[in-house]
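Novice:
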Amino acid sequence: MKKSIYLSALLLFTALSMSGFTNPEGGVPQLKKANLSRNEDEPKTLKFAGYTWKIRSKKGEPGPNSWSEKNAFVDKNGFLHLKLTKDPATGIWECSEVIMTEKLGYGTYQWKIDGRIDTLDHNIVFGLFNYSGEDKHDEMDIEFSKWGHPENNKNLNYTIWPASGVTEPKNVEHVQPFSLNGTYTTHRFKRTEKSLTFTSLYGFQDGDKNIFATKSWDAPKTSISKLEMPVFINLWIFKGVPPSNNADVEIVIRDFKFIPL
Numbered sequence: 017m018k019k020s021i022y023l024s025a026l027l028l029f030t031a032l033s034m035s036g037f038t039n040p041e042g043g044v045p046q047l048k049k050a051n052l053s054r055n056e057d058e059p060k061t062l063k064f065a066g067y068t069w070k071i072r073s074k075k076g077e078p079g080p081n082s083w084s085e086k087n088a089f090v091d092k093n094g095f096l097h098l099k100l101t102k103d104p105a106t107g108i109w110e111c112s113e114v115i116m117t118e119k120l121g122y123g124t125y126q127w128k129i130d131g132r133i134d135t136l137d138h139n140i141v142f143g144l145f146n147y148s149g150e151d152k153h154d155e156m157d158i159e160f161s162k163w164g165h166p167e168n169n170k171n172l173n174y175t176i177w178p179a180s181g182v183t184e185p186k187n188v189e190h191v192q193p194f195s196l197n198g199t200y201t202t203h204r205f206k207r208t209e210k211s212l213t214f215t216s217l218y219g220f221q222d223g224d225k226n227i228f229a230t231k232s233w234d235a236p237k238t239s240i241s242k243l244e245m246p247v248f249i250n251l252w253i254f255k256g257v258p259p260s261n262n263a264d265v266e267i268v269i270r271d272f273k274f275i276p277l
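For the sequence shown, the numbering used here assigns the number 17 to the initial residue and increments by one for each residue that follows.
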């Protein structure tokens, strides 16, 4: 009889173990977490500059555009690549965007860029910004684009969208032309409670050498968000219109750095 009870208990334990139940503390058995593959609706992520970033996929604004996970990746040197490519099978242009999983607040945001962002086709937009998710509010942008107009030579754009709840003014911006002799540039903005300053520099800089553009705004005259927000980096086509030269684009972000106040 004892042998039969022992055998039954052993079989029950084996069945529970195989079904994923564990009992680490001798209490009620707990269901072991399964090693499941990624949910289809869950974005892939990558590691860059010490942060985790979600890779955007599917379709949506701005544009509207198609966004491809394969067009954002980190190479063996730790550099982030964003690409804009035409799918040879469908003929659809696929954009790229990464979104930091962490939210950042007051401090300096800096990107080191390797690419001819001064000669982008007039239908292409490359953006460095933070954003709360509320359209036309709580956003600070550095963008490189001619916004669909080939004759527009003002291809550097600094923009502040107001804090949530503010309706006027809608936004403030500074635009200007710029051109490069090489591919290296540094771009940053510094957020404080009372001001926001944008700066762009030739080469890879951590100081203030070789500045070619800068603009500051002060609060409360300018509405500046106080929210902590994720950082976005994206490469896309304006209003979904393909590049006029029909050429793929690749931009390398060598580094991102955040220095909190």
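All residues carry an ideal CB built from backbone N, CA and C; glycine is no exception.
When DSSP builds the beta bridges, which residues end up paired with residue 143?
Specialist: 159, 250
Novice: Whose C-beta lies closer than 6 Å to the C-beta of residue 54 among residues of the same chain, with five residues either side of it excluded?
Specialist: Note that residue 54 scores 37 on pLDDT, short of 50, meaning its location in the model is unreliable; the coordinates nonetheless yield the value given after this. Closer than 6 Å at Cβ, skipping near neighbours: no residue.
Novice: So residue 270 packs on residue 220, CB below 8 Å; how close in whole Å?
Specialist: 7 Å
Novice: Can you tell which of 215, 233, 235 has the C-alpha that lies nearest to the C-alpha of residue 226?
Specialist: 215
Novice: Let me make sure I understand the geometry here. Which of 96, 69, 105, 114 has the alpha-carbon closest to that of residue 83?
Specialist: 114
Novice: So, does the region 165 to 179 touch the region 231 to 240, judging by three or more C-beta pairs under 8 Å?
Specialist: yes
Novice: Cα-Cα, which of 252, 87, 108, 182 is closest to residue 150?
Specialist: Looking at the Cα atoms, 182 is the closest of the given residues.
Novice: Can you give me the Cβ contacts of residue 170 inside the same chain, cut-off strictly under 6 Å, excluding the 5 residues immediately before and after it?
Specialist: 191, 192, 193
Novice: Determine the closest residue to residue 189 out of 195, 234, 201, 148, with distance taken between C-alpha atoms.
Specialist: 234
Novice: Considering only C-alpha positions, which residue in the set 141, 242, 163 is nearest to residue 250?
Specialist: 141
Novice: Between which two residues does the beta strand (DSSP E) harbouring residue 81 extend?
Specialist: 81 to 83
Novice: Output the boundary residues of the beta strand (DSSP E) element that contains residue 76.
Specialist: Looking at the DSSP string, the run of the beta strand (DSSP E) that includes residue 76 is 74 to 76.
Novice: Once the 5 residues before and after residue 98 are set aside, which same chain residues still bring their CB inside 6 Å of it?
Specialist: 88, 112, 251, 267
Novice: Going by DSSP, what residue range makes up the beta strand (DSSP E) through residue 245?
Specialist: Taken as a continuous stretch (DSSP letters only), residue 245 belongs to no beta strand (DSSP E), as it is neither H nor E.
Novice: Determine the DSSP secondary structure at residue 70, reduced to helix, strand or coil.
Specialist: strand
Novice: Could you give the DSSP three-state label for residue 291: helix, strand or coil?
Specialist: Within the shown structure, residues of the chain are numbered from 17 to 277, placing residue 291 beyond reach of any answer.
Novice: Assuming residue 268 is part of the beta strand (DSSP E), what are its boundary residues?
Specialist: 265 to 276
Novice: At what residues does the beta strand (DSSP E) containing residue 227 begin and finish?
Specialist: 227 to 234
Novice: Straight-line CA distance for residue 173 to residue 139?
Specialist: 15 Å
Novice: Taking residue 143 as the reference, give the member of 66, 78, 228 with the closest Cα.
Specialist: 78
Novice: Would you decide whether residue 224 is buried or exposed? Buried here means 16 or more other CB atoms lie within 10 Å of its CB.
Specialist: Residue 224 is exposed by the Cβ-count criterion.
Novice: Give the straight-line distance between the Cα atoms of residue 66 and residue 145, rounded to the nearest whole angstrom.
Specialist: 18 Å
Novice: Reducing DSSP to helix, strand and coil, say where residue 123 ends up.
Specialist: strand
Novice: DSSP three-state label for residue 92, please.
Specialist: coil
Novice: Could you spell out the range, first to last residue, of the beta strand (DSSP E) harbouring residue 190?
Specialist: 188 to 192
Novice: If you compare alpha carbons, which of 105, 228, 209, 167 is closest to residue 217?
Specialist: Of the candidates 105, 228, 209, 167, the one whose C-alpha sits nearest the C-alpha of residue 217 is 228.
Novice: Name the DSSP beta bridge partners of residue 173, please?
Specialist: 159, 191
Novice: Is it buried or exposed for residue 122, if we count other Cβ within 10 angstroms and need 16 for buried?
Specialist: Residue 122 is exposed by the Cβ-count criterion.
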